[in-house]
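Working notes, beginning with the structure itself.
Numbering (our numbering), first residue to last: 2 to 116.
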């Protein structure tokens with residue numbers, strides 16, 4: 002499956018489960034782990050778990066096997082590893098605290114400071 006198709010499958014699962022504030026980050030060249038990250042918020046721990054479960058289910062239906070998931074125990078931040086795409090589903094407090102969107106823009110921020 003091509004990466005653009007995988008992103009569409011994951012985005013559709015997030016939309017179907019009414020995930021909030023969905024953001025796609027292109028981290029190619031910034032991360033040795035993945036090329037893209039989808040970040041979304043849930044309204045409760047149960048909602049976060051359900052969103053992550055739906056992503057896993059839809060990806061499996063599309064013929065791909067997720068590499069793994071982490072964080073189901075607490076439900077504050079669940080990571081679904083799809084190889085070239087990692088999906089982060091977070092409670093709003095955790096998302097605000099870790100601020101992944103800002104963290105993965107660090108190269109651009111450094112470029113502005115050093116120019």
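Ideal Cβ placement from N, Cα and C applies to all residues, glycine included.
Residue 20 sits close to residue 43, with the two beta carbons spaced by under 8 Å. Where residue 51 is concerned, the enclosing alpha helix (DSSP H) starts and stops at 46 to 62.
When the beta-carbon positions are compared, residue 67 and residue 82 come within less than 8 Å of each other.
Between residue 59 and residue 14, the CB-CB gap stays under 8 Å. Between the alpha carbons of residue 69 and residue 80 lies a distance of about 8 Å.
In the three-state DSSP reduction, residue 102 falls in the helix class (H, G or I).
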